[in-house]
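Below: the structure, in structure tokens.
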Amino acid sequence: MSKTKKIVLAVVAVAIVALLVFAAFNGGHLATEACVDCGGAGLVEEAACETCGGEGKVTASWWALVPPVIAIGLALITKEVYSSLFIGIVAGALLGSNFNFTGTMDLITNDALISAVSGTAGIFIFLVVLGVIVALINKSGGSAAFGRWAEKNIKSRVGAMLATFVLGVLIFIDDYFNCLTVGSVMRPVTDSKKVSRAKLSYLIDATAAPICMIAPISSWAAAVSSYAPEGEGLKLFISAIPYNFYSLLTLVFVVAISVMKFDYGPMRIHEVNAKLKGDLYTSGDKAEVADEGHSEKGRVLDLILPILVLIVACVFALVYNGGILEGANFIDAFSNTDATVGLPWGSIIALVFAIAYFCIRKVVTFKEAMEAIPKGFIAMVPAILILTFATALKNMTGVLGAQPFVNSVMTNVPESFASFIPAIVFLVACFISFATGTSWGTFGILIPIVMTIFEAGDPLQIIAMSACLAGSVCGDHCSPISDTTIMSSAGGQCNHLNHVSTQLPYAISVAAISLVMYILAGFVKNVVIVLPVGIAVTVVFLFLMKLIMVKKYGKENV
């Protein structure tokens, strides 16, 4: 670490300690307000309110957002994500317990870590099983065969990037599933065309949450629908799609920057190193599973077939978990499903199929298949650790009352600012999602607020709801503690902070354009006018950026 970074880190450490000392003496971190769910009465239908525990008041203050800001700041400065997240968790526990030692330890173990593991256990299983399937595919020679096929049939770097984009668009069911599946399939292709791992991770991330957020049949659509009035969820979600500027313009951005053959910001350095030096990583650890040899009899089908079975099994598992065999239709089944159950359910079927298929094909022995299980687990350990800590940190923001605080702020926006509310909602959603690392938690907080601010049928209600969803995805993209960002790093086998730092300028660029579009939409209220303007602005922005980059660095270095 350089002397300058040590000084900056020391200053930040002193600032964190000073902030916590101030909180200890000031006491504002435990401020309360009346519970919205029970109106301060403590009772809902003559039973104790679950939100406030019957007390009528809940903790709510801006201190709820301090722990994630500490964690994110430290992660960006130190480039060390584990300790940064843990310090954020400790800070949240200290605030939540009012600096009581035993209370702090209770919050860290019970409310943070244990709840994080139990709450995401299904996703952990899915990660491990997918890691095992990838290890089996590699051992069978399927990945190597697909790489050879890609070298012959995908002729350019642009082709490799667009193929990754198309596959990401096609797998719209779930963002976790999208991240890891697209990464597993396309990594051999992008490696062969010298696309950096940072760029691959960006392509994965840019076609994960944004696609799920505009696909009516997805786990995200189901989650959004659950927060809307009964019977109106899917209708509102579909109505909001055209105004989801961040998601739509991100897709335009990805295609345009790939076709224009240039990059800017930290991504430019990673891509230049990949193109000119063959270095796919540039810096940080090489999150790669060592190649311990593979079968020479491997075929492209050995990669495609297990992935197809995985997709079919997971889709069936999701709708089965949602009650499709009990009479629910396909859309209702998706609305009622639980991805943390459905994805491991389907992936286990795919794993059993893969083992049997490869053994029958004699490209992998049964012993080698069993050896792939711990290898697959080891490959996913970094993602599991980061996801655990990130979820634990999110739990701490809940303990400190992030939701009531945001609810209080948003409901006090003056009516005279009505046309600006979509833009305000977008900014608030970006910040909350960035600070907490969760899109679902963000729109879970904001959608009910938006629904109460505007009357049903008001065009601004749809625009503001879209802004909420778009801001949730944007903050999620920018945040190093976001689960989707973590999954994209794992899918692209890229150093996590490399992925965050290279993606950030691109996400901020699209966010800035989207913000302008939401200001315009608040007054125009016509998506036929606003969306084409947004697309045009995005393309013109990239064209100007390319001119600047070529002039500054030369054509070969962009």
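To convert, count from 1 in the sequence shown and add 12; that's the working numbering. We put the CB at the ideal spot given by N, CA and C, even for glycine.
Given a threshold of 16 other Cβ atoms within 10 Å of its Cβ, counted over all protein chains shown, does residue i qualify as buried or as exposed?
i, result
"A351", "buried"
"G339", "exposed"
"I101", "buried"
"D470", "exposed"
"E283", "buried"
"G290", "exposed"
"K558", "buried"
"G449", "buried"
"F370", "buried"
"I560", "exposed"
"A380", "It should be noted that the sequence gives Glu, not Ala, for residue 380. E380 comes out buried."
"G566", "exposed"
"A548", "exposed"
Note down, in chain order, each residue of its chain lying with its Cβ closer than 8 Å to the Cβ of residue i, except the 5 sequence neighbours on either side.
i, result
"L527", "A435, F438 and L439"
"H306", "N150, K151, S152, G153, S155 and A156"
"T550", "L261, V264, F265, A268, V522 and I525"
"F389", "V140, G143 and V144"
Distance, Cα to Cα, residue i vs residue j?
i, j, result
"V393", "F466", "45 Å"
"A476", "V540", "17 Å"
"I137", "G503", "16 Å"
"L106", "I149", "46 Å"
"K151", "Y293", "23 Å"
"F111", "V236", "36 Å"
"T116", "G108", "7 Å"
"P254", "L212", "27 Å"
"A519", "C486", "7 Å"
"S130", "S494", "18 Å"
"R280", "F555", "15 Å"
"P544", "T121", "50 Å"
"V571", "A147", "A query on residue 571 cannot be resolved here, the shown segment of the chain reaching from 13 to 570 and no further."
"I372", "V512", "42 Å"
"C326", "L337", "15 Å"
"V562", "S127", "50 Å"
"K15", "V421", "41 Å"
"L125", "V353", "20 Å"
"Q515", "D275", "11 Å"
Please state whether DSSP places residue i in a helix, a strand or coil.
i, result
"N407", "helix"
"V570", "coil"
"D470", "coil"
"T400", "helix"
"A308", "It is Glu, not Ala, that sits at residue 308 in the sequence shown. Of the three classes helix, strand and coil, the one that applies to E308 here is coil, per DSSP."
"S259", "helix"
"D203", "helix"
"A72", "coil"
"M499", "helix"
"M557", "helix"
"C415", "Looking at the sequence itself, residue 415 is Gln, so the reference to Cys does not match. Helix, per DSSP."
"D350", "coil"
"E380", "helix"
"A133", "helix"
"G335", "coil"
"T180", "For the record, residue 180 in the displayed sequence is Gly; it is not Thr. DSSP places G180 in helix when its eight states are reduced to three."
"R166", "The question names Arg, but residue 166 in the sequence shown is Ile. Looking at I166 - three-state DSSP - the assignment turns out to be coil, as it is neither helix nor strand."
"L292", "coil"
"C506", "coil"
Give every residue of the same chain whose Cβ lies closer than 6 Å to the Cβ of residue i, excluding the five residues on either side of it in the sequence, and list them in chain order.
i, result
"A76", "T409, L412, G413, A414 and F417"
"T496", "D187, A220, A221 and D488"
"T262", "A218, P222 and V522"
"N569", "V284"
"L322", "A362"
With a threshold of 7 Å on Cβ separation, who are the neighbours of residue i within its own chain once the five nearest residues in sequence on each side are excluded?
i, result
"L397", "Y94"
"I385", "V144"
"V155", "Note that residue 155 is Ser in the sequence shown here, rather than Val. These residues qualify, in order along the chain: I149, P200 and L315."
"S259", "P222, M225, I226, A482 and V485"
At a cut-off of 6 Å, would you count residue i as near the ligand FAD, judging by its Cβ distance to the nearest heavy atom?
i, result
"F34", "With respect to the ligand FAD, the structure shown offers nothing to examine, as it has no ligands at all."
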